[in-house]
Amino acid sequence: MNLKTGVHTGYAAGDTFVGIESFRGSNYDDTFYASAAADNLDGYNGNDRLSYAQSEQGVNITMTAARVGTGLGGDAQGDTFSDFETIIGSNYNDVFTASLGTTTFYGGAGNDVYIINGSASQNVLEMAGGGDDEVRTTLNTITLASEVERLTFTGTGNFNARGNASDNIITGGAGNDTLFGGAGADQLIGGEGFDTVSYGDADKGVTLNTKTGIHTGIAAGDVYSSIEAILGSDFSDAFVGDAGINRFDGGFGMDMVSFADEAGGVTLDLGAPVLTGAAAGDIYTSIEVFQGTTQADSFTGSAAAAENFVGGAGADLLTGVGRGDGAWYLTSTGSVQINLLEGTAAGGDAQGDVLINIDNLMGSAFSDMLTGNAYSNKLEGGAGNDLIYGGEGDDFIYGGTATDTGAFGPLTISGVQADTLYGGNGNDTMRSADDDAGSILYGESGNDNITVSAGIAYGGDGNDTLTGTGYGYELQGGAGVDTLNLRGSGDALGGESGDAYIVFSKTMVGIQDTGTSGIDTVTLKNIQSVSDVRIVQNDLGAYIFNAADLQSGNLDSGVFLKDWYKGGNTIETFYTNNGQSFTIPVVGQAMTESFAV
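Residue 3 is where the sequence shown starts when you use this note's numbering, and the numbers rise one by one after that.
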């Protein structure tokens, strides 16, 4: 019904009203267009709409009860209405007020204000480019509707606010508020109380620099006023503070506080806390990495967490507390040589550094030498052709990097890395870089777990697990009961005691075991059953093929047993993927097989 033009549709088509002040809709979905008259409008049943879109002035709508309200201004002047699920404003500056109910307000064009109080859970709709709109609310938790630019808290207590994708202005109250602007360049105004800007809903890490005001990620363009703390995302964030007291909470992820741009050195004792220089008065929570200046810095960890220190240039004092603290040199402009056992550091950014109670090291982009101590160390070479010694303890040794380097981003490793890694004593975990042709990993003593892509892995003593993942690797078990996993195309050589070779690769691998003690086995994960096995003799060697591959001429698959018919390969039993076993005869013998029950 269009009371302004007198043109109606549906059952009301052609009707003319004279001296009628009240109108009631049908049991279905009705739309009423209000006129300049003071009318009493009832949507009745159905999903009904009341529209002031044709008003030549802005309207002021107040909901006095659930879906019951009154109007002022423009065509709403003197109107009373009930049972409308949606109310549409004019093309001018409208005001909508609600304390109860679940009415949907659509402001349209103009600078509209939505006053949402009490127990109201209104649905606000705004058109794109529809003016500079604002929600004023006493609700303690609210998410700003799309295309609304401003959100202002007028209530009491703590305010939890989330903005939208527009450039928002969000203003808190006297309580301890948490403001999340969302996408867009937002102004976040805390007001009184202890207020926090949160990026907990961000879909990636952010960089927050309160010194320059230049941020990245979803924080780009944001401006803070009367904000006491900043909470990072669930990813890796970077924080740079100003001269004031900064309170940074990294949240989840590998988060960093950086002092790299400061002119003078800083002192951080995270256990006390005692902080000087640019860090004076700051409070840090869930921060895993601290980056120093180009001057002489002093970093001391805490007993409550494991921290990583990037001292940078200058003669730095890096002191761990408890176990698990690390020194990173990924920003060094030259190679570093660090020996945790002897307590020495030289070269690049390590020159002049003193490392006390440090367990973990990350090298530079150059060819470094890293040596562990008697504790469980995590030693990462970074880029370059590195030489790493684990020493005593159960160590984690990597030719490249395995740690999330957080706000530094992924450490770029380009070209072949020919690293040399020594596990030493203890049960070590060792892994080469992805492009590791020329790398050599020595497990030495202990039960080691070593992974290479195209390098060479020596298990040494102990019951080791060796894995090859790329092309052209070589696995040598050495002494002990070893497990050799062939996941790419390479070679495996066993030693004494019973070794287990697990073949996952669909390309050719070579296996030779010359040990005389123990029971050696080969499990063919790429051949389902004994009936699929085909043996082909080639001079003194034997090939194991999947029957389907052999029939199709795919001779780049399978297993080659070097010197099998020369007696130079002492593997006793072979297994297919379903658990069936077989042996391969020497000349003049028949292949035997058995079936798992």
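Quick reminder that beta carbons are idealized off the backbone N, C-alpha and C, glycines included.
Taking the CA atoms as reference points, residue 406 sits about 36 Å from residue 559. The alpha-carbon separation between residue 435 and residue 273 amounts to approximately 35 Å.
The Cβ atoms of residue 294 and residue 318 sit closer than 8 Å to each other.
The beta carbon of residue 387 is closer than 7 Å to those of 369, 419, 420, 421 in its chain, skipping five residues each way along the sequence.
Rounded to the nearest whole angstrom, the CA to CA distance from residue 553 to residue 540 is 17 Å. Separation of the CB atoms of residue 342 and residue 296 is rounded to 24 Å, and the pair is thereby denied contact status at 8 Å. With a minimum length of 4 residues, there is no unbroken run of alpha helix (DSSP H) contained wholly in the region 229-285.
In this structure, DSSP gives residue 84 an extended state, which the three-state scheme calls strand.
A direct Cα-to-Cα measurement between residue 240 and residue 254 gives close to 12 Å. Within the region 465-489, there are no complete alpha helix (DSSP H) runs of at least 4 residues. Listed in chain order, the non-local C-beta contacts of residue 248 below 7 Å within the same chain comprise 212, 284, local neighbours out to five positions each way being set aside.
Taken through DSSP and simplified to helix, strand or coil, residue 533 comes out as helix. Between residue 113 and residue 135, the C-beta gap is smaller than 8 Å, which places the two residues in contact. The secondary-structure analysis by DSSP pairs residue 125 across a beta bridge with 106.
Three or more beta-carbon pairs separated by less than 8 Å are not found between the region 376-390 and the region 211-227, which leaves the two stretches without contact. For residue 41, the secondary structure class from DSSP, reduced to helix, strand or coil, is coil. Contact check between the region 57-66 and the region 10-18: fewer than three CB pairs, one atom from each, fall below 8 Å, which does not count as touching.
In this structure residue 518 is exposed. Its beta-carbon is surrounded by fewer than 16 other beta-carbon atoms within 10 angstroms.
Excluding sequence positions up to five before and after residue 5, its CB lies within less than 8 Å of the CB of 19, 25, 34, 35, 36, 37, 39, 41, all in the same chain and listed in chain order. Annotated three-state conformation of residue 22 is coil, per DSSP. Around residue 495, the same chain offers 478, 514 as residues with beta carbons nearer than 6 Å, after the five sequence neighbours per side are excluded.
Taking all protein chains in view, the Cβ of residue 423 is crowded by 16 or more other Cβ atoms within 10 Å, so the residue is classified as buried.
Assigned with DSSP and collapsed to three states, residue 553 falls in helix. The Cβ atoms of residue 457 and residue 440 sit closer than 8 Å to each other.
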